[in-house]
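Start counting the sequence shown at 12; every next residue gets the next number (the numbering used here). Cβ coordinates follow ideal geometry from the N, Cα and C atoms, glycine included. To keep things clear, I will list the structure first and then write my remarks on it.
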Amino acid sequence: MSNQENYWLKIAQYDLDTADSMLKAGRYLYVGFMCHQAIEKILKG
């Protein structure tokens with residue numbers, strides 16, 4: 012995997028971790044937003 016791919020996947024994982032935290036906090040709008048962001052970054056990678 013290239014450095015660029017690793018970069019995007021690492022940031023996507025961070026977004027998914029944030030989504031998990033928001034889910035636990037009941038902040039459902041942000042869960043959807045962060046999952047959307049993660050998917051975009053995975054596709055870029």
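Please identify the residue among Lys52, Met12 and Met45 whose C-alpha is closest to the C-alpha of Thr29. Comparing Cα positions, the closest option is Met45.
CB Glu16 to CB Gly43, shorter than 7 angstroms? No; because the gap between Cβ atoms is not below 7 angstroms, this pair is not in contact.
Where the alpha helix (DSSP H) containing Gly37 begins and where it ends: Per DSSP, Gly37 lies in no alpha helix (DSSP H) and is assigned neither H nor E.
Do Tyr41 and Met33 come within 7 angstroms of each other at the CB atom, strictly closer than that value? Using a Cβ distance threshold of 7 angstroms, Met33 and Tyr41 count as a contacting pair.
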